[in-house]
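**Student:**
Numbering (full-length UniProt numbering), first residue to last: 1 to 514.
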């Protein structure tokens, strides 16, 4: 008797059921294949529709641009535009540009609240006193819907969209770039080390610290006007900086900083490419950052990670940084590879940064880990591998004293001890606690609150193109949201009206690489 006959005789019910199940499975599979085919066809149709709409939008944008140019060419010159006004750039094909400083930085020509004004008040015991809060608290954004504006702009660059001033913070993007310098002490530490690997550790920590101020900063900085500048001298931190908006289409900001003792040069140009993806806004900071240490004849370069603001439509806004950052020492060939991890499905990787340093023979000599919102630790690469193999689920808890700011009330960062410390690690960098009034002041750090500070004796020392003199930013800082909106609109209209006027950069010269 065959097996089939045996099953038919002994187990007729089971045999019949199995046949039925097989037929049902085949039918289900056929149905799903049909549905999958229908979805594929629908997807193709939607993609085709999207391409058609994109082409139509591009045509409309081109026609609008041509109409604007024809209106500008046919209109008479405006007497209201003076030598101190801001002008727009002439659009061209986007390429890779290099902006270099065109003059030697002269500390006496830059904004120096440290050398002017009442010395008795500003420099008691030789210490410069900076403000610890803004003139007015921020406005609530709860009654405003950013979705009503952005829903028409999916896939577009936000730099080309006019946003209500309520979604801004009272700083220009040039001032936001200056926040790279908040942890300048890490550069000084690198200069003090005679070992190139130790210098790389400090430079890598500096690269991470440069984005730390963006934590919870959901407000958008004001777009710099073409020709806008910013100058800052901080004797307490040991640097001076000049920055300028050198292009408007695309929007490119160039900066140049150096140590007061000529011990470092830090420069670069940033093109913040912003895009809206439905539920989030992504900012990709295109541009190479360069740090030079003349003492060792070394140059380090890297690019910043991508920043993303989530829950634009509904929910609480939150920020993450993700992407790979490679810090390269072009003299020694040593590299530091950092991975800013995306949040992930369950949020376990939120804010985490991991990486390692390669020597010139491409051997991993040490590992870095931590969070860009909190701190970074360094550990021997072999120790890290041994720790992973041991399968330890817990780690030591270490506490380190964060950098303090004199006479400023501070609060601890939420979840300040969330980084698990691997045995044998040591602290490389820790973020300074924010002031107690930070949540009322656009989540500014103490350093950020000082960037738009305007001493009465600075008027006449800084150029009229300085960010501090922008009436829209000043009005918003003072709590006058209506005046800020009016001034912002007026300045933007003035730029559009002067679209074809050429601008000569004050501090930087342009060199197209390709």
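All C-beta atoms, glycine included, are put in the ideal place defined by N, C-alpha and C.
So if DSSP puts residue 306 in a beta bridge, which residue, or which two residues, is it bridged to?
**Tutor:** Sequence index remark: in the chain shown, residue 306 carries index 306 (1-based). Partner(s): 322.
**Student:** Between residue 435 and residue 225, what straight-line distance do the alpha-carbon atoms span, to the nearest angstrom?
**Tutor:** Locating residue 435 in the chain shown gives position 435, counting from the first residue. Locating residue 225 in the chain shown gives position 225, counting from the first residue. Answer to the nearest angstrom: the Cα atoms are 30 Å apart.
**Student:** Would the stretch 435 to 451 and the stretch 132 to 141 be scored as touching if the rule is three or more Cβ pairs under 8 Å?
**Tutor:** Judged by Cβ distances under 8 Å, the stretch 435 to 451 makes contact with the stretch 132 to 141, as three or more pairs qualify.
**Student:** Quick one: what's got a C-beta closer than 6 Å to residue 222's C-beta in the same chain, skipping five residues either side?
**Tutor:** Taking the chain shown and counting its residues from 1, the one referred to as residue 222 is at position 222. So the list reads 168, 172, 473, once near-sequence residues are dropped.
**Student:** Taking the continuous beta strand (DSSP E) assigned at residue 379, which residues delimit it?
**Tutor:** In the chain shown, the residue the question calls residue 379 occupies position 379. Note, residue 379: beta strand (DSSP E), 375 to 380.
**Student:** Out of 321, 296, 257, which one is the CA nearest neighbour of residue 196?
**Tutor:** On the chain shown, position 196 is the one that residue 196 refers to. It is 296.
**Student:** Straight-line CA distance for residue 360 to residue 329?
**Tutor:** Mapped onto the chain shown, residue 360 falls at position 360. Mapped onto the chain shown, residue 329 falls at position 329. When rounded, the distance between both Cα atoms is 10 Å.
**Student:** Which residue comes first and which comes last in the beta strand (DSSP E) that contains residue 517?
**Tutor:** The structure shown has nothing for residue 517, since the chain only spans 1 to 514.
**Student:** Which whole-angstrom value is the C-beta distance of residue 244 and residue 229, which I expect to be below 8 Å?
**Tutor:** The sequence position of residue 244 within the chain shown is 244, counting from 1. The sequence position of residue 229 within the chain shown is 229, counting from 1. Confirmed, about 5 Å.
**Student:** Between the stretch 200 to 208 and the stretch 181 to 189, do at least 3 Cβ pairs fall closer than 8 Å?
**Tutor:** Contact between the stretch 200 to 208 and the stretch 181 to 189 is present, because at least three Cβ pairs lie under 8 Å.
**Student:** Which residue marks the beginning of the alpha helix (DSSP H) containing residue 185, and which one marks its end?
**Tutor:** As a working mapping, residue 185 is identified with position 185 in the chain shown. Per DSSP, residue 185 belongs to the alpha helix (DSSP H) from 185 to 192.
**Student:** Closer than 8 Å is the cut-off here; do at least three beta carbon pairs connect the stretch 279 to 293 with the stretch 301 to 310?
**Tutor:** Contact between the stretch 279 to 293 and the stretch 301 to 310 is present, because at least three Cβ pairs lie under 8 Å.
**Student:** What residues match up with residue 256 in a beta bridge as DSSP calls it?
**Tutor:** Residue mapping note: residue 256 aligns to position 256 of the chain shown, counting from 1. DSSP output for residue 256 lists 242, 267 as bridge partner(s).
**Student:** Note down the Cα distance separating residue 284 from residue 272, rounded to an integer number of angstroms.
**Tutor:** The residue labelled residue 284 in the question sits at position 284 within the chain shown. The residue labelled residue 272 in the question sits at position 272 within the chain shown. Each residue's Cα considered, the two are about 6 Å apart.
**Student:** I'd like the ranges of any alpha helix (DSSP H) spanning at least 4 consecutive residues and lying wholly in the stretch 414 to 466.
**Tutor:** If we require 4 residues or more, the alpha helix (DSSP H) runs fully inside the stretch 414 to 466 come out as 446 to 449.
**Student:** In terms of residues, what are the limits of the beta strand (DSSP E) holding residue 290?
**Tutor:** If you number the chain shown from 1, residue 290 lands on position 290. Residues 289 to 293.
**Student:** Is residue 356 near residue 343, with beta carbons less than 9 Å apart?
**Tutor:** Sequence index remark: in the chain shown, residue 356 carries index 356 (1-based). Sequence index remark: in the chain shown, residue 343 carries index 343 (1-based). Contact: no.
**Student:** Count the other CB atoms within 10 Å of the CB of residue 497; is the residue buried (16 or more) or exposed (fewer)?
**Tutor:** Taking the first residue of the chain shown as position 1, residue 497 is located at position 497. So residue 497 counts as buried.
**Student:** Helix or strand or just coil, what does DSSP make of residue 130?
**Tutor:** By one-based count along the chain shown, residue 130 stands at place 130. Reduced to three states, the DSSP call for residue 130 is coil.
**Student:** Relative to the C-alpha of residue 448, which candidate in 32, 13, 179, 476 has its C-alpha closest?
**Tutor:** The residue you call residue 448 lines up with position 448 of the chain shown. Nearest C-alpha to residue 448: 179.
**Student:** Go ahead and pull the three-state DSSP assignment for residue 175.
**Tutor:** Reading the chain shown from its first residue, position 175 is the one you call residue 175. Correct three-state label for residue 175: helix.
**Student:** Taking the alpha-carbon positions, what's the residue 218 to residue 237 distance?
**Tutor:** Indexing the chain shown from 1 puts residue 218 at position 218. Indexing the chain shown from 1 puts residue 237 at position 237. Approximately 27 Å, taken between the alpha carbons.
**Student:** Helix, strand or coil for residue 314? Go by DSSP, reduced to three states.
**Tutor:** What you label residue 314 is simply residue 314 of the chain shown in a count that begins at 1. Coil at residue 314, not helix or strand.
**Student:** Between residue 267 and residue 303, is the Cβ-Cβ spacing less than 9 Å?
**Tutor:** By one-based count along the chain shown, residue 267 stands at place 267. By one-based count along the chain shown, residue 303 stands at place 303. For residue 267 and residue 303, no; Cβs fall outside 9 Å.
**Student:** Can the beta-carbon of residue 428 be found less than 9 Å from the beta-carbon of residue 202?
**Tutor:** By 1-based counting over the chain shown, the position of residue 428 is 428. By 1-based counting over the chain shown, the position of residue 202 is 202. Yes, the Cβ-Cβ distance between residue 428 and residue 202 is below 9 Å.
**Student:** Taking 6 Å as the limit between beta carbons, can you name the residues of its chain near residue 269, skipping five residues before and five after?
**Tutor:** Within the chain shown, residue 269 is the residue found at index 269, counting from 1. Within the same chain, residue 269 has close Cβ partners 99, 252, 254, 287.
**Student:** In the DSSP assignment, find the unbroken beta strand (DSSP E) run with residue 340 in it and report its ends.
**Tutor:** Position 340 of the chain shown holds residue 340. Its beta strand (DSSP E) spans residues 335 to 340.
**Student:** Would you tell me roughly how many angstroms separate the C-alpha atoms of residue 259 and residue 193, rounded to the nearest one?
**Tutor:** Here the question's residue 259 lines up with position 259 in the chain shown. Here the question's residue 193 lines up with position 193 in the chain shown. Between residue 259 and residue 193, the C-alpha separation is close to 16 Å.
**Student:** Apply the 10 Å Cβ neighbour rule to residue 305 and answer buried if 16 or more other Cβ atoms are within range, or exposed otherwise.
**Tutor:** Translated into positions along the chain shown, residue 305 becomes position 305. The residue is buried, with at least 16 neighbouring Cβ atoms inside 10 Å.
**Student:** How many whole angstroms separate the CB atoms of residue 341 and residue 354, which I take to be in contact at a CB cut-off of 8 Å?
**Tutor:** Position 341 of the chain shown, counted from the start, is the residue given in the question as residue 341. Position 354 of the chain shown, counted from the start, is the residue given in the question as residue 354. Indeed, because the Cβ distance is near 7 Å, the residues count as touching under 8 Å.
**Student:** Verify whether the separation of the beta carbon atoms of residue 235 and residue 264 is less than 9 Å.
**Tutor:** Taking the chain shown and counting its residues from 1, one reaches residue 235 at position 235. Taking the chain shown and counting its residues from 1, one reaches residue 264 at position 264. Result no, Cβ atoms of residue 235 and residue 264 do not sit closer than 9 Å.
**Student:** Indicate whether residue 432 and residue 182 have their beta-carbon atoms separated by less than 9 Å.
**Tutor:** Within the chain shown, the letter at position 432 stands for residue 432. Within the chain shown, the letter at position 182 stands for residue 182. Closer than 9 Å, so yes.
**Student:** If you follow the beta strand (DSSP E) that residue 285 is part of, which residue opens it and which one closes it?
**Tutor:** Taking the first residue of the chain shown as position 1, residue 285 is located at position 285. From DSSP, the beta strand (DSSP E) with residue 285 extends over 280 to 286.
**Student:** Output needed for residue 324: all residues of its chain with C-beta closer than 6 Å, excluding positions within five of it in sequence on either side, in chain order.
**Tutor:** Locating residue 324 in the chain shown gives position 324, counting from the first residue. Cβ neighbours of residue 324 beyond the five flanking positions: 339.
**Student:** For residue 348 and residue 211, I'd like the C-alpha separation in whole angstroms.
**Tutor:** Along the chain shown, one-based indexing puts residue 348 at 348. Along the chain shown, one-based indexing puts residue 211 at 211. Approximately 20 Å between the Cα atoms of the pair.
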